[in-house]
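Colleague: Residue numbers (my numbering), protein chains in the order written: chain A, 1 to 137; chain B, 138 to 274; chain C, 275 to 411.
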Amino acid sequence: MRAHTEYLSFHTKKRRDLVHLTPMLEQILARAGIHEGFMLVSAMHITAGVFVNDDEPGLHEDIWKWLETLAPFRADYRHHQTGEDNGDAHLKSMLVHHEVIVPVTKGRLDLGTWQRVFYAEFDGQRYKRVIVKTLGE
Amino acid sequence: MRAHTEYLSFHTKKRRDLVHLTPMLEQILARAGIHEGFMLVSAMHITAGVFVNDDEPGLHEDIWKWLETLAPFRADYRHHQTGEDNGDAHLKSMLVHHEVIVPVTKGRLDLGTWQRVFYAEFDGQRYKRVIVKTLGE
Amino acid sequence: MRAHTEYLSFHTKKRRDLVHLTPMLEQILARAGIHEGFMLVSAMHITAGVFVNDDEPGLHEDIWKWLETLAPFRADYRHHQTGEDNGDAHLKSMLVHHEVIVPVTKGRLDLGTWQRVFYAEFDGQRYKRVIVKTLGE
Numbered sequence: 001m002r003a004h005t006e007y008l009s010f011h012t013k014k015r016r017d018l019v020h021l022t023p024m025l026e027q028i029l030a031r032a033g034i035h036e037g038f039m040l041v042s043a044m045h046i047t048a049g050v051f052v053n054d055d056e057p058g059l060h061e062d063i064w065k066w067l068e069t070l071a072p073f074r075a076d077y078r079h080h081q082t083g084e085d086n087g088d089a090h091l092k093s094m095l096v097h098h099e100v101i102v103p104v105t106k107g108r109l110d111l112g113t114w115q116r117v118f119y120a121e122f123d124g125q126r127y128k129r130v131i132v133k134t135l136g137e
Numbered sequence: 138m139r140a141h142t143e144y145l146s147f148h149t150k151k152r153r154d155l156v157h158l159t160p161m162l163e164q165i166l167a168r169a170g171i172h173e174g175f176m177l178v179s180a181m182h183i184t185a186g187v188f189v190n191d192d193e194p195g196l197h198e199d200i201w202k203w204l205e206t207l208a209p210f211r212a213d214y215r216h217h218q219t220g221e222d223n224g225d226a227h228l229k230s231m232l233v234h235h236e237v238i239v240p241v242t243k244g245r246l247d248l249g250t251w252q253r254v255f256y257a258e259f260d261g262q263r264y265k266r267v268i269v270k271t272l273g274e
Numbered sequence: 275m276r277a278h279t280e281y282l283s284f285h286t287k288k289r290r291d292l293v294h295l296t297p298m299l300e301q302i303l304a305r306a307g308i309h310e311g312f313m314l315v316s317a318m319h320i321t322a323g324v325f326v327n328d329d330e331p332g333l334h335e336d337i338w339k340w341l342e343t344l345a346p347f348r349a350d351y352r353h354h355q356t357g358e359d360n361g362d363a364h365l366k367s368m369l370v371h372h373e374v375i376v377p378v379t380k381g382r383l384d385l386g387t388w389q390r391v392f393y394a395e396f397d398g399q400r401y402k403r404v405i406v407k408t409l410g411e
């Protein structure tokens, strides 16, 4: 069994943004040299998410609108009494979830035809990290 | 360490449907011959989900109603400008999540008494796949 | 490859409650003696969740309020025809998700600075279990 760990860094220009991770993950897998296993892709922050869906800009707009409906930016979160203004980002992170496991088969990310992995930034404009840990052989 | 990979195929008659996977997963585990490890059960589509909950028909009705409230079928999703009409299915998939990890202990799926694994189809009536990948020894 | 499995038990005084798991998970990891791998933390019940977020009481209040908005306690769930009154707890469990994977690197839980693991009880006042299974070497 082998483990291979890398960390990705992001500093998005916008407060809310999506970063398409799949090409980076393929490069990491090539470096890992693991043929059968699991790749964990996990945001190391509580105001970001990682999810799998389609790389289609219209859908991404729908997703942002939807997240804003279910976990809206608001002034009156209790969390804001700490001086923060990112209460919505914490809730969006819970909704989207902060991590996914990508199966690795025969040396490739075993994703479906339309599945792509995205990092969702809910409170950016500063450095954030994602751990990519592959376990297998 | 060993890895065992199988793919399940579904072609639901209804557009939205649940398929109870637990008995299939038990059979896969028997074939895998893995005694300690993790079984990843992951939809390979962006309009489907996999989740763990109770096998109770009334609850399943509640779940469908609830999903329709939080991620409703609507005509005006931006994604529909691509010719699709399944914007809600993408959002439902994000809400439910597309995968679970089932622990494997002493050669058995180590689920709680009432925990069952379900495939949730949000845009069916065509072939869809689920990867079941078990890692362990 | 090694696997280490422990079960945590909770009997919350309140029906809805959060339990901070991180210190318990660190102790389990020390006993497991695994340096590189994945730790699965998974509720064994369908009316509970496990999630990663900030250990900040104001945020926790926001989370409870938010969960009550999106998956409210109601009398008229179909599930209640079985004699239960915890339909909302099932939906809250689906929303929060019942498990997380924590990466283990160099013998430590490889969490971000503010990431903490919580057990979310949605229907307590009785014994509930969480499986903590670590796989690695």
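Beta carbons are placed, not taken as given, at the ideal position from N, Cα and C, and that holds for glycine. Remember, it's a predicted structure, so these values are computed and weren't measured experimentally.
Taking a Cβ distance cut-off of 8 Å, strictly less, list which residues of the segment 227–247 of chain B are near chain C, in chain order.
Modeller: If the cut-off is 8 Å between Cβ atoms, the segment 227–247 of chain B has L232, V233, H234, V237, I238, P240, T242, D247 near chain C.
Colleague: Please list the partners that H182/B has in chain A, where partner means a Cβ-to-Cβ separation under 8 Å.
Modeller: Within 8 Å Cβ-Cβ: G112, W114, Q115.
Colleague: If contact is defined by three or more beta carbon pairs under 8 Å, each pair taking one atom from either stretch, is the segment 95–106 of chain A in contact with the segment 352–361 of chain C?
Modeller: They do not touch, by the three-pair rule.
Colleague: Taking only beta-carbon positions, decide if F392/C is within less than 7 Å of chain A.
Modeller: It does not: the Cβ of F392/C has no partner Cβ on chain A nearer than 7 Å.
Colleague: Please list the partners that H79/A has in chain C, where partner means a Cβ-to-Cβ separation under 7 Å.
Modeller: Within 7 Å Cβ-Cβ: E330, G332, L333, D336.
Colleague: Assess, as a yes-or-no matter, whether the segment 113–123 of chain A is touched by the segment 245–257 of chain B under the definition of 3 or more beta carbon pairs within less than 8 Å.
Modeller: Counting Cβ pairs under 8 Å, fewer than three are found: no touch.
Colleague: Helix, strand or coil for H217/B, going by three-state DSSP, please let me know.
Modeller: Reduced to three states, the DSSP call for H217/B is helix.
Colleague: When you compare only the Cα positions, how much space is there between K265/B and S230/B?
Modeller: Roughly 14 Å separates the two Cα atoms.
Colleague: Looking at C-beta atoms only, is the number of pairs between the segment 266–274 of chain B and the segment 172–190 of chain B that lie closer than 8 Å three or more?
Modeller: Counting Cβ pairs under 8 Å, three or more are found: they touch.
Colleague: In terms of alpha-carbon separation, which member of L204/B, H227/B, D191/B, T206/B lies closest to R215/B?
Modeller: Of the candidates L204/B, H227/B, D191/B, T206/B, the one whose C-alpha sits nearest the C-alpha of R215/B is H227/B.
Colleague: With a cut-off of 8 Å on the beta carbons, I'd call I238/B and E310/C a contact; round off their distance for me.
Modeller: Going by Cβ atoms, the distance from I238/B to E310/C rounds to 18 Å, so no, they are not a contact pair.
Colleague: With DSSP collapsed to three states, give me the class of I337/C.
Modeller: I337/C: helix per DSSP, three-state reduction.
Colleague: Less than 7 Å between the beta carbons of V189/B and V233/B, yes or no?
Modeller: No, they are not a contact pair.
Colleague: So, is H330/C buried or exposed, given that buried needs 16 or more other C-beta atoms within 10 angstroms?
Modeller: Per the sequence presented here, residue 330/C reads as Glu, with His not at that position. Flag for E330/C reads buried.
Colleague: Does E342/C come within less than 7 Å of chain A when only Cβ atoms are used?
Modeller: For E342/C, the answer is no, since every Cβ of chain A falls outside 7 Å of its Cβ.
Colleague: Residues of chain A with a CB under 7 Å from the CB of I268/B: which are they?
Modeller: Per Cβ cutoff of 7 Å: P103, D110.
Colleague: Is the separation between the beta-carbon of H334/C and that of L292/C shorter than 7 Å?
Modeller: Yes. Within cutoff.
Colleague: Where does the unbroken alpha helix (DSSP H) through H227/B begin, and where does it stop?
Modeller: Taken as a continuous stretch (DSSP letters only), the alpha helix (DSSP H) holding H227/B covers 224–233.
Colleague: Tell me where the alpha helix (DSSP H) around M24/A begins and ends.
Modeller: 22–32 is the extent of the alpha helix (DSSP H) around M24/A.
Colleague: How is G273/B classed by DSSP in three states: helix, strand or coil?
Modeller: G273/B: strand per DSSP, three-state reduction.
Colleague: Let me check one thing: in DSSP terms, what residues is H141/B bridge-paired to?
Modeller: Paired residue(s): T271/B.
Colleague: Below 8 Å on C-beta distance, what does S42/A contact in chain C?
Modeller: Near S42/A (Cβ distances below 8 Å), the residues of chain C are I375, P377.
Colleague: Kindly list the residues whose CB is nearer than 7 Å to the CB of L303/C, restricted to its own chain and excluding five residues on each side of it in sequence; keep chain order.
Modeller: Closer than 7 Å at the Cβ level, and outside the excluded window around L303/C, lie M313, V378, L383, T408.
Colleague: To the nearest angstrom, how far is the alpha carbon of D191/B from that of D199/B?
Modeller: Going by the C-alpha atoms only, they are around 12 Å apart.
Colleague: Which class does T47/A belong to by DSSP, given the choice of helix, strand or coil?
Modeller: It is coil, neither helix nor strand.
Colleague: Which chain B residues sit within Cβ distance under 8 Å of E36/A?
Modeller: Those are A140, T142, L272, listed as they occur along chain B.
Colleague: Report yes if the CB atom of A32/A is closer than 7 Å to the CB atom of H4/A, and no otherwise.
Modeller: Yes, Cβ-Cβ distance for A32/A and H4/A is below 7 Å.
Colleague: Please list, in chain order, all residues of the same chain as A345/C whose beta carbon is under 6 Å from its beta carbon, the five residues on each side excluded.
Modeller: D362, L365, K366, L369, listed in sequence order.
Colleague: At which residues does the beta strand (DSSP E) containing R290/C begin and terminate?
Modeller: From DSSP, R290/C is part of no beta strand (DSSP E); its letter is neither H nor E.
Colleague: Roughly how many angstroms separate the alpha carbons of E137/A and F147/B, rounded to a whole number?
Modeller: Going from the Cα of E137/A to the Cα of F147/B covers about 30 Å.
Colleague: Quick check on G87/A - is its C-beta less than 7 Å from some C-beta in chain C?
Modeller: For G87/A, the answer is yes, since a Cβ of chain C falls inside 7 Å of its Cβ.
Colleague: Going by DSSP, name the residue or residues bridged to G37/A.
Modeller: Answer is V104/A, G136/A, bridged to G37/A.
Colleague: Measure from the C-beta of V324/C to each C-beta in chain A and report whether the shortest distance is under 7 Å.
Modeller: Closer than 7 Å: no.
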